[in-house]
Amino acid sequence: MTETVNKKELVATIAEILGSNKKDANIALDGVVEAIKQELKADKNVSIVGFAKFTSKLVPERTASVPVKTELETGEVKYVKQETVVPEHVTYKAKISKSL
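0 is the number of the first residue of the sequence shown in numbering that gives the first Met the number 0; add one for each residue after it.
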């Protein structure tokens, strides 16, 4: 099974690769993450060749059918589809490079 690396472990690996201390590695990682967030919020895509492409997309408002649980007088449970409006929102995606 694949193991998950948390931020603390990633910072330690970055510090080792850069030959620096963990404090500086943590600042560098936080800076990269914050820069990607800012660019995405500014409606820009971020591409790091050989690693990943981060994109944002505005999804327009739409109507969706949602199952709603209702209990009948007999105690029986029935699901009825109810239409609801899903508001306009932004989605974010990361596509990992095939070269990994």
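Think of the CB as a built atom: it goes at the ideal place given N, C-alpha and C, for glycine as much as any other residue.
Please read all numbers here as calculations on a predicted model, not as lab measurements.
- The region 65-85 makes no contact with the region 23-40; the number of CB pairs closer than 8 Å stays below 3.
- Around the C-beta of V85, fewer than 16 other C-beta atoms lie within 10 Å, and the residue is accordingly described as exposed.
- C-alpha of E60 to C-alpha of K7: approximately 39 Å in a straight line.
- Within its own chain, the residues whose Cβ lies closer than 8 Å to the Cβ of A11, once the five positions on either side in sequence are excluded, are K21 and A24, listed in chain order.
- For V89, the pairing in a beta bridge is given by DSSP as L57.
- Collapsing the DSSP output to three states places K22 in a helix.
- For V4, no beta strand (DSSP E) segment is defined, and its DSSP state is neither H nor E.
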